[in-house]
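Engineer:
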Amino acid sequence: MSQNQAKTVAVISDEGPLINTKPLMAPSVILLFIWMIVPLAMTLWFSVRRYNLLDPSSTSFAGFDNYTFLLTDPTLLHALQNTIVLVVGVLAATIIFGVACAMALDAPFPGRGIARLLCIAPFFVMPTVSALIWKNLLMHPVNGLFSWMLKSVGLPAIDWFSDYPLISVGIIVAWQWIPFATLILLTSLQSLDREQVEAARMDGARGWTLFTNITLPHLYRSMTIVVMIETIFLLSVFAEILVTTSGGPGEATTTLPFLIYKTALLDYDVGGASAGGVVAIVLANIVAFFLVRTIAHNLER
Amino acid sequence: MSSVTLKGIRKSFGGLEVVSGVDLHIKDQEFVVLVGPSGCGKTTLLRMIAGLESISGGELLIDGQVMNRVRPDERGLAMVFQSYALYPHMTVADNMSFALRLAKVSKAERDRKVNDAAKILQLDHLLQRRPAQLSGGQRQRVAIGRAIVRDPKVFLFDEPLSNLDAALRIQMRIELARLHKQLSATMIYVTHDQVEAMTMADRIVVVNKGVIEQLGTPMEIYQNPSTVFVAGFIGSPKMNLFEADTALENGQAVAILDNRGQRIPLPVDPPRGARVTLGIRPEALNVDSQGPLGGEITVIEHLGGETLTYIDIGNGKLATVKTGEASLGQVGDTVRVSFPPDRLHVFGPDGRALLNHRNH
Chain S
8 MSQNQAKTVA VISDEGPLIN TKPLMAPSVI LLFIWMIVPL AMTLWFSVRR
58 YNLLDPSSTS FAGFDNYTFL LTDPTLLHAL QNTIVLVVGV LAATIIFGVA
108 CAMALDAPFP GRGIARLLCI APFFVMPTVS ALIWKNLLMH PVNGLFSWML
158 KSVGLPAIDW FSDYPLISVG IIVAWQWIPF ATLILLTSLQ SLDREQVEAA
208 RMDGARGWTL FTNITLPHLY RSMTIVVMIE TIFLLSVFAE ILVTTSGGPG
258 EATTTLPFLI YKTALLDYDV GGASAGGVVA IVLANIVAFF LVRTIAHNLE
308 R
Chain D
426 MSSVTLKGIR KSFGGLEVVS GVDLHIKDQE FVVLVGPSGC GKTTLLRMIA
476 GLESISGGEL LIDGQVMNRV RPDERGLAMV FQSYALYPHM TVADNMSFAL
526 RLAKVSKAER DRKVNDAAKI LQLDHLLQRR PAQLSGGQRQ RVAIGRAIVR
576 DPKVFLFDEP LSNLDAALRI QMRIELARLH KQLSATMIYV THDQVEAMTM
626 ADRIVVVNKG VIEQLGTPME IYQNPSTVFV AGFIGSPKMN LFEADTALEN
676 GQAVAILDNR GQRIPLPVDP PRGARVTLGI RPEALNVDSQ GPLGGEITVI
726 EHLGGETLTY IDIGNGKLAT VKTGEASLGQ VGDTVRVSFP PDRLHVFGPD
776 GRALLNHRNH
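So the protein lines, in turn, are chains S and D.
According to the numbering used here, the first sequence is numbered sequentially starting from 8.
According to the numbering used here, the second sequence is numbered sequentially starting from 426.
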């Protein structure tokens, strides 16, 4: 009897779970699928329509006109360039400063708990608020802290948003994302095996050689995670640009998301904006493809 | 020539003293095992020798030179860690040559040394693998290889076998002993496992509560434990220890066991009315109908080649008897046992041995 039972159980476990799980998963899968497919389909549909909100009643099929117009417009190329510069620049800054902050916060010193809290704090400030703070309190050419500091050492004030617009936006975004990188890298540092560091010390590594040979390789994995997660968010940076420069001066800080916003809600061109959206989706997928490949490779090691 | 001398070495963490005044001289080419229960300070002692822990007091000399403030990599030591502490992002070859690379040794020289060490440890075919692709025993060998490559004056081992399974541990024990002969190097080895200490050491240092309890060759310590602690710690199965009162009866000092008042004549004369602890190794007990100890057999453990019989000698106190394949009887039987008088250890109220045994 008991042997029979054992046999039955064995057979069932060979075939998979005891119950069919597909109907149980179906509602969430279907909901998520609709959630994704409806906006995508609408974007694709609008991108092949002539549809301007100034004259919403007269819509017609446009074929690839929206795409032709967009892809031959130098604005798009410029926006793509700005997006890539912003994303890569901010990624580099957050990794470098994130590692530095994490190393500093990992070392014991009095008041470390408070320092950690303060270092993480910018992450919890809303993008619009932080952009306003930077614009009006720090980078303002007349009232800002930076111009006061420059003036007090006898240097001319810098008008950040007109002279270095993209860099300024980048600084603000980096300030918001350094805490995230710090947090991930700090936890990773804390998991570094103490005996491994001691073994390296006995092997003669210390200071910079210890950092480059032991610490940095240990951090690679979490760095790739930081890069992956941040890329997702940085590709869609918008509030900081709207609040500070509104994409200007000229098109100096117009990124792809901001270009789409401008086309749709300032030029009222829904068709053109949708075509821009499709370009953004393609771009995001290209990035995702390479990211997932490199990260999968990195995590396997 | 590489000797290590500790002179009154102390270590305190805040107000807590974990090593309190250790004097020890380790001769050239000697294999010394520091053994003790966890938290006894043996690892801290080793880490102070290595330079990973600062020395609170006393002097450390390697080859006659004071090393207290010398950086770990300049003491000429190599250490094998409990967790192996291999660098996961480097290949086996890179792991082994890391110290040489930092010391700016030429590539050809590095390769030669790594290949030599790999040959000794049979790692030749694994040099291009990463630590994650190795088994526990192989990782252990890489960790030892990393130490060999540096050609150190002294090898330090911090419980290197405790992460291995039992079979592998025995094999590595033999390999380490062989390696010691082959390299004729000075080795200091820390473990909590008294079997490792007994099998590998030239000399054993039993550490307890931050001080050296006893120092000697394995057989000296086994046959002549100087304290109750050493008696109970060294030897498996554990030595039988019985608490007793003492009295003088007919001009002969006797111990009166707490359990059933069994009387055992003492070869020494303890202070009047002193409490003593009697120690008898399990293999020294034999069945003897006239024996002073006796009781019901409660448990029999058959280990194949040997058999352990536990006899209740009163108040639940068990005496362990070790015999060959045959056991003393059945569970529930009552047996009596005796022992040769020269196998009796007597410890005074302070836990120190009251008489010295000659070597058998």
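From the three backbone atoms N, C-alpha and C, an ideal C-beta is built for every residue, glycine too.
1) If you run the structure through DSSP and keep just helix, strand and coil, what is G96 of chain S?
2) Can you tell me which residues form a DSSP beta bridge with R628 of chain D?
3) Does DSSP classify R575 of chain D as helix, strand or coil?
4) Between H450 of chain D and chain S, is the shortest Cβ-Cβ distance under 8 Å, so that the two count as touching?
5) Taking a Cβ distance cut-off of 7 Å, strictly less, list which residues of the segment 183-214 of chain S are near chain A, in chain order.
6) What in chain D is Cβ-close to I221 of chain S, meaning under 9 Å?
7) Return the residues of the segment 517-530 of chain D that lie within a Cβ-Cβ distance of less than 7 Å from chain S, sorted by chain order.
8) At a Cβ cut of 7 Å, what residues of the segment 464-488 of chain D count as close to chain S, listed as they run along the chain?
9) Taking just the CA atoms, how far does G96 of chain S sit from L36 of chain S?
10) How big is the Cα-Cα spacing for E499 of chain D and E478 of chain D?
11) Is it buried or exposed for M43 of chain S, if we count other Cβ within 10 angstroms and need 16 for buried?
12) By DSSP, does G704 of chain D sit in helix, in strand, or in coil?
13) Hey, quick one: how far does the beta strand (DSSP E) through P148 of chain S stretch, first residue to last?
14) Going by C-alpha to C-alpha distance, which of S:E202, S:V45, S:T260 sits closest to V180 of chain S?
15) Within 10 Å of its beta-carbon, does T468 of chain D have 16 or more other beta-carbons around it, so buried, or fewer, so exposed?
16) Would the beta-carbon of V771 of chain D fall within 8 Å of that of L691 of chain D?
17) For the segment 141-161 of chain S, which residues have a beta carbon sitting closer than 9 Å to at least one beta carbon of chain D?
18) Give a yes or no on whether 8 Å exceeds the smallest Cβ distance from P7 of chain S to chain D.
19) Under 8 Å between C-beta atoms, does F438 of chain D make it to chain S?
20) Specify, as a first and last residue, the run of the beta strand (DSSP E) that Y614 of chain D falls within.
21) Grouping DSSP H, G and I as helix and E and B as strand, with all else coil, what is D72 of chain S?
22) Determine, using beta-carbon pairs with one atom in the segment 656-670 of chain D and one in the segment 693-712 of chain D, whether at least three such pairs fall under 8 Å.
23) Tell me the rounded alpha-carbon separation between E568 of chain D and G254 of chain S.
24) When burial is assigned at 16 or more other CB atoms within 10 Å of the CB, is P256 of chain S buried or exposed?
25) Assuming N73 of chain S contacts A282 of chain S under a Cβ cut-off of 8 Å, what Cβ separation, rounded to an integer in Å, is found between them?
26) In whole angstroms, what is the alpha-carbon distance linking I474 of chain D and R575 of chain D?
27) Using the Cβ count rule (16 or more neighbours within 10 Å means buried), how would you classify H785 of chain D?
28) For the segment 220-235 of chain S against the segment 46-53 of chain S, do three or more pairs of beta-carbon atoms, one drawn from each stretch, fall closer than 8 Å, so that the two count as touching?
29) Going by the beta-carbon positions, is the gap between L548 of chain D and T516 of chain D smaller than 8 Å?
30) Please go through the same chain and pick out, in chain order, the residues whose beta-carbon is closer than 7 Å to the beta-carbon of D448 of chain D, but skip the five residues on each side of it.
31) Return the residue from the list S:I302, S:A291, S:V277 that minimises the CA-CA distance to E94 of chain S.
32) Where are the alpha helix (DSSP H) runs, 4 residues long or more, that stay fully inside the segment 185-234 of chain S, in chain order?
33) Apart from the five residues just before and just after Y647 of chain D, which ones in its own chain have a Cβ nearer than 8 Å to its Cβ?
34) Distance check for W155 of chain S and F245 of chain S, CA to CA, integer angstroms please.
35) On the DSSP bridge assignment, give the partners of G504 of chain D in chain order.
36) Would you mind reading off the limits of the beta strand (DSSP E) that contains L441 of chain D?
Structural biologist: Reading off the structure:
1) G96 of chain S sits in a helix when the DSSP states are folded into three classes.
2) R628 of chain D is bridged by DSSP to D:V457.
3) When secondary structure is reduced to three states using DSSP, R575 of chain D falls in the coil class, being assigned neither helix nor strand.
4) At least 8 Å separates the CB of H450 of chain D from every CB of chain S.
5) The structure shown has no chain A; the protein chains it does contain are S and D.
6) Chain D residues near I221 of chain S: Y512, H514.
7) Hits within the stretch, in order: F523, A524, L527, A528.
8) From the segment 464-488 of chain D, only A475, L477 have a Cβ closer than 7 Å to chain S.
9) For the sequence presented, residue 36 of chain S should be read as Val rather than Leu. Roughly 37 Å separates the two Cα atoms.
10) For E499 of chain D and E478 of chain D, the distance between alpha carbons rounds to 15 Å.
11) Counting Cβ neighbours within 10 Å, M43 of chain S comes out exposed, since fewer than 16 surround it.
12) G704 of chain D: strand per DSSP, three-state reduction.
13) Premise fails: P148 of chain S is in no beta strand (DSSP E) and is neither H nor E.
14) Distance from the Cα of V180 of chain S is smallest, within the candidate group S:E202, S:V45, S:T260, for S:T260.
15) With 16 or more other Cβ atoms within 10 Å, it is buried.
16) If you check the CB distance, V771 of chain D and L691 of chain D come in under 8 Å.
17) Those residues of the segment 141-161 of chain S placed with their C-beta closer than 9 Å to a C-beta in chain D do not exist.
18) In the structure displayed, chain S extends from 8 to 308; residue 7 of chain S sits before or after that span and is not available.
19) For F438 of chain D, the answer is no, since every Cβ of chain S falls outside 8 Å of its Cβ.
20) Its beta strand (DSSP E) spans residues 611-616.
21) Here D72 of chain S sits in helix by DSSP.
22) With the cut-off at 8 Å, the segment 656-670 of chain D and the segment 693-712 of chain D touch.
23) One point to set straight first is that residue 568 of chain D is Ala, not Glu, in the sequence displayed. Taking the straight line from one Cα to the other gives about 58 Å.
24) Residue environment: P256 of chain S is assigned as exposed (fewer than 16 neighbouring CB atoms within 10 Å of its CB, all protein chains considered).
25) Rounded to whole angstroms, the Cβ separation of N73 of chain S and A282 of chain S is 4 Å, and the two are in contact under 8 Å.
26) The straight-line gap from Cα to Cα measures roughly 17 Å.
27) Low local confidence applies: a pLDDT of 41 at H785 of chain D is under 50, so the model's placement there is unreliable, and no value is given.
28) With a cut-off of 8 Å, the segment 46-53 of chain S and the segment 220-235 of chain S do not count as touching, because too few Cβ pairs lie within range.
29) Not closer than 8 Å, so no.
30) Hits under 7 Å: L431, K432, G433.
31) Strictly speaking, residue 94 of chain S in this sequence is Val, with Glu absent from that position. Nearest of S:I302, S:A291, S:V277 to V94 of chain S, Cα basis: S:A291.
32) Whole alpha helix (DSSP H) segments, 4+ residues: 201-209.
33) Around Y647 of chain D: M623, I659, G660.
34) So the two alpha carbons sit approximately 29 Å from each other.
35) First, the amino acid is wrong: residue 504 of chain D is Met here, not Gly. Bridge partners of M504 of chain D: D:L581.
36) Note, L441 of chain D: beta strand (DSSP E), 441-451.
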